[in-house]
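Trainee:
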Amino acid sequence: MSRVSYRIARTDDAQALAELGAATFTATFGHLYRAEDLAIFLQNHSPAAWRKELGDPAFEVKVAEAGGRMVGYAKLGPPHLPFEPRGEAAELRQLYVIEEMKGSGVAHELIRWVIERARVRHADHLYLSVFTDNHRARRFYEKLGFEAEGTYHFMVGDHADEDIVMRLQL
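Residues in the sequence shown are numbered consecutively from 451, following the numbering used here.
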């Protein structure tokens, strides 16, 4: 396994972030959706959408690289889930790691950074959502102290998934 390095994402990472996000999401969840629904979802995470968020100071993204390629990323931003957050809040918008790097410590390093950055932003709580049937991710977050707050419908095109909203008190 190559040595993993971490850095803050730049605007010129938009293409690589869109590609990694699309590949990871499709590999993990693509079988659940009609092609049209998946295409709509992926378009919402296009390089143009990434460039917009990377230029917005409300968002912070850290990338993991190994062997000359991006192998994971975490995106922190303001809360946007359909609920009333407690106190000052931040949200882990995405934490994606390619399959062959799962279990390598990349996700732990990225979430550690997210928690640190949320605290720097003076957040009292960090929120995220996770697909109900993504048991591996749910266990990962629970081990870190995240607790379920409720559920909501996460839309992939016209398809509604049940996601669990989780919260970590900082």
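Each residue gets a CB set at the ideal place from its N, CA and C atoms; glycine is no exception.
From the DSSP output, which residues share a beta bridge with T474?
Mentor: Locating residue 474 in the sequence shown gives position 24, where the first residue counts as 1. Bridge partners of T474: none, in fact.
Trainee: For my contact list, A557 and L542 are in at a C-beta cut-off of 8 Å; report their separation, rounded to the angstrom.
Mentor: For the purposes of this step, residue 557 is taken as residue 107 along the sequence shown, with counting starting at 1. For the purposes of this step, residue 542 is taken as residue 92 along the sequence shown, with counting starting at 1. Wrong, their Cβ atoms sit about 11 Å apart, outside the cutoff.
Trainee: Please give me, in chain order, every unbroken run of the alpha helix (DSSP H) with length at least 4 that falls completely inside the region 556-582.
Mentor: Complete alpha helix (DSSP H) runs here, min 4: 556-570.
Trainee: Considering only C-alpha positions, which residue in the set H609, K512, R519 is nearest to E559?
Mentor: Stepping through the sequence shown from its first residue, residue 559 is reached at position 109. E559 has its Cα closest to that of K512, out of H609, K512, R519.
Trainee: Three or more beta-carbon pairs under 8 Å between the region 532-539 and the region 494-504, yes or no?
Mentor: No, the region 532-539 does not touch the region 494-504.
Trainee: Contact between the region 512-522 and the region 571-586: three or more CB pairs below 8 Å?
Mentor: They do not touch, by the three-pair rule.
Trainee: Starting from K604, follow its DSSP beta bridges and name the residues at the other end.
Mentor: Translated into the one-based positions of the sequence shown, residue 604 becomes position 154. Strictly speaking, residue 604 in this sequence is Phe, with Lys absent from that position. Note: F604 sits in a beta bridge opposite D611.
Trainee: Can you give the beta carbon distance from E592 to R617, rounded, assuming they're within the 8 Å contact cut?
Mentor: The residue given as residue 592 occupies position 142 in the sequence shown. The residue given as residue 617 occupies position 167 in the sequence shown. Actually they do not touch by this definition, with Cβ atoms about 12 Å apart.
Trainee: Rounded to whole angstroms, what is the Cα-Cα separation between K525 and W500?
Mentor: Locating residue 525 in the sequence shown gives position 75, where the first residue counts as 1. Locating residue 500 in the sequence shown gives position 50, where the first residue counts as 1. Whole-angstrom Cα-Cα distance: 11 Å.
Trainee: Quick check: what's the CA-CA separation for F479 versus G527?
Mentor: Residue mapping note: residue 479 aligns to position 29 of the sequence shown, counting from 1. Residue mapping note: residue 527 aligns to position 77 of the sequence shown, counting from 1. So the alpha carbons of these two residues sit roughly 23 Å apart.
Trainee: What residue range does the alpha helix (DSSP H) around E503 cover?
Mentor: Sequence index remark: in the sequence shown, residue 503 carries index 53 (1-based). Note, E503: alpha helix (DSSP H), 497-504.
Trainee: Name the residue from A464, D463, S455, A477 whose alpha carbon lies nearest to the alpha carbon of N584.
Mentor: As a working mapping, residue 584 is identified with position 134 in the sequence shown. Measuring from the Cα of N584, the nearest candidate turns out to be A477.
Trainee: Are Y483 and H609 close, meaning C-beta to C-beta below 8 Å?
Mentor: Residue numbering aside, residue 483 sits at position 33 when the sequence shown is read from its first letter. Residue numbering aside, residue 609 sits at position 159 when the sequence shown is read from its first letter. Against a cut-off of 8 Å, the Cβ pair of H609 and Y483 comes out as a contact.
Trainee: Could you work out which residue in E538, E612, G522 is closest to W563 when comparing CA atoms only?
Mentor: Here residue 563 refers to the residue found at position 113 of the sequence shown. Closest by alpha carbon: G522.
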